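What follows is a single structure, written as structure tokens, with notes after it.
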Amino acid sequence: METTKVKRDSFTTGLGVIAATLGSAVGLGNIWKFPALTGLNGGAAFIIIYLLSTLMAGLPIMISELLLGRRSKSDALTTFRVLYPKRESWALIGAAGVVSAFLILAFYTEVAGWVVAYVFKALSGNILSSDPKVTGAAFERLITDPYQSILWQCVVLVYVGIIIILGVSKGIESTTKKLMPVLFLILVLIGIRNLTLPGAAAGLNFLFHPDFSKVTGAVVLTAMGLAFFKLSVGMGTMITYGSYFRDDQNIPMTAVRVMLADLTVSILAGIAIFPAVFTYGFKPEAGPSLLFITIPAVFSQMPFGRVFVVAFFVLGAIAATGAMLSIMEVPVAYLHQRFGVSRVKATVLTVVLLALIGSTAALSNSVLANFKVFGMTMFDLYDFLTSNLLMPLGGLFICIFVGWVWGKEKVAAVLSNDGALHNSAVISIFLFIVRYVAPVTILVILLRGLKII
Ligand code: PHE
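Positions in the sequence shown are counted from 1; adding 303 to them yields the numbering used here.
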């Protein structure tokens with residue numbers, strides 16, 4: 304095993320750790336995916352399955368990844384080599400994570416590009432109309448224009464790249480520390496505004512009243528995929544971030560806090576959207592276009608509508624920032640640590656590669672609209688492959704590694720901060736979930752969702 308030794312940057316304060324980790328979890332997943340998927344798949348029924356998947360798989364895997372990273376103080380790939388040098392093949396989990404990072408960013412930066420474009424378009428007022436046909440046509444114009452699609456994606460990539468170059472503490476930590484409070488503030492303001500609308504009761508009823516008739520194996524897999532995507536687990540992000548954690552950070556507590564805060568953001572996003580949708584007679588099942596077509600149409604009917612549309616897309620851009628930083632950090636940390644490449648070079652290389660791969664997603668609604676694999680455009684394929692296959696599989700192997708391979712004593716040692724925390728009950732419950740509950744849940748949902756059993 305040879306790893307290049309480089310001096311490592313890390314998060315500096317407890318608050319910084321929470322801001323960065325929560326910044327990774329909160330993202331377009333809360334604002335774009337969560338409401339759209341909830342709207343499509345039966346409201347609260349979907350939320351319940353999502354919550355169960357979070358408790359039985361997402362959260363324990365998040366804790367597992369943080370433990371691995373903090374102990375190895377290494378990137379997602381090197382972690383497995385450091386912790387288990389006997390068998391190098393475990394590092395494949397990290398390698399798959401680096402691949403997933405590229406695939407996620409390929410479509411994520413595109414959606415983030417639309418969000419940023421919409422901030423400007425909303426400011427100038429040209430996407431505002433109470434008629435969804437008009438807002439739909441405006442969205443269509445943006446996504447079918449190959450130049451605009453590529454341009455906005457590149458703007459986002461460069462912006463994220465610059466923060467990454469600034470480093471872990473001066474870039475990621477300080478940015479997320481400033482942005483997270485702003486995000487909560489905007490979300491709460493929009494939520495309060497929405498709760499005073501006449502359709503508030505109908506919106507909340509939709510959000511909290513389960514309709515299980517829409518639940519199928521595929522829906523359960525989608526809900527579990529969302530749980531992985533939301534907590535940024537199964538692809539090495541939390542291993543990488545764990546490696547920047549301080550040794551006295553209480554990992555299970557941090558993970559639970561991040562999970563709860565992230566869930567709060569999702570629910571608040573639902574409260575910021577569905578009451579307005581019901582008030583103005585729109586359908587909640589609009590899917591991914593809910594954010595770009597329904598929101599501008601609905602919000603522009605409210606008093607001070609333009610302010611709220613701008614605020615909403617600023618919120619989206621802020622949320623996307625912390626998430627993209629954490630995904631890009633996975634390959635950058637790997638290149639930096641493994642090959643001793645400087646952060647600047649590692650970032651430039653990653654951004655250039657991403658611009659290339661990402662363009663196939665960016666052009667999925669124009670030049671490459673008819674290029675389909677398994678009936679999906681590249682954009683949809685990257686999304687499906689990562690959330691519904693790679694992340695659950697990555698999570699499954701991480702559970703097996705932590706629960707069965709790495710060794711109980713080692714898990715107990717990191718989990719208790721080498722004996723400083725007296726949390727033996729937490730350790731037993733954690734080990735039970737990671738050894739049995741999580742792997743079985745993931746396997747069954749994966750096989751049913753993909754119609755293999
Ligand atoms: N959790 C982020 C979101 O909800 C997405 C993400 C996925 C971030 C994987 C990091 C790793 O938007």
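Built from N, CA and C at the ideal position, the CB exists for glycine as well.
Please read all numbers here as calculations on a predicted model, not as lab measurements.
What is the residue span of the alpha helix (DSSP H) that M694 lies within?
-> M694 to I703
Enumerate in chain order the residues of its own chain whose CB-to-CB distance from A322 is below 6 Å, with the five nearest sequence positions on each side excluded.
-> T479, K480 and M483
Is it buried or exposed for G722, if we count other Cβ within 10 angstroms and need 16 for buried?
-> exposed
When the Cα atoms are used, what is the spatial distance from Y739 to S690?
-> 22 Å
Length at least 4, wholly inside the segment 492–578: the alpha helix (DSSP H) runs in chain order | 503–511, 520–533 and 540–545
Tell whether a beta-carbon distance below 7 Å holds between D565 and G346.
-> no
Can you list, in chain order, the residues of its chain whose CB lies under 8 Å from that of L448, leaving out five sequence neighbours each side?
-> Residue identity differs from the one stated: residue 448 is Asp in this sequence, not Leu. For D448, where only same-chain residues beyond five positions count, the Cβ hits under 8 Å are S669.
Select from F314, K389 and R560 the residue whose C-alpha is nearest the C-alpha of V708.
-> K389
Which of helix, strand or coil does DSSP assign to V670?
-> coil
Which residues in the same chain as F581 place their Cβ atom closer than 6 Å to its Cβ, once the five residues preceding and following it in sequence are excluded?
-> G502, A505 and G506
Counting pairs of beta carbons, one from the segment 418–435 and one from the segment 594–612, are three or more of them closer than 8 Å?
-> yes
Starting from M359, trace the alpha helix (DSSP H) both ways and give me its first and last residue.
-> Taken as a continuous stretch (DSSP letters only), M359 belongs to no alpha helix (DSSP H), as it is neither H nor E.
Using a beta-carbon distance below 7 Å, is M605 in contact with chain D?
-> You won't find chain D in this structure, because it holds only one protein chain.
So, are the CB atoms of S472 and D683 less than 7 Å apart?
-> no
Buried or exposed by the 16-neighbour rule on C-beta atoms within 10 Å, applied to P742 | buried
Determine the direct distance from the alpha carbon of M527 to that of S356, and round the result to whole angstroms.
-> 5 Å
Quickly, what does DSSP pair V676 with across the bridge? List them, please.
-> M679
At which residue ranges does the segment 442–483 contain complete alpha helix (DSSP H) runs of 4 or more residues, listed in the order of the chain?
-> 449–469
Element boundaries [alpha helix (DSSP H), containing A404] | A394 to S427
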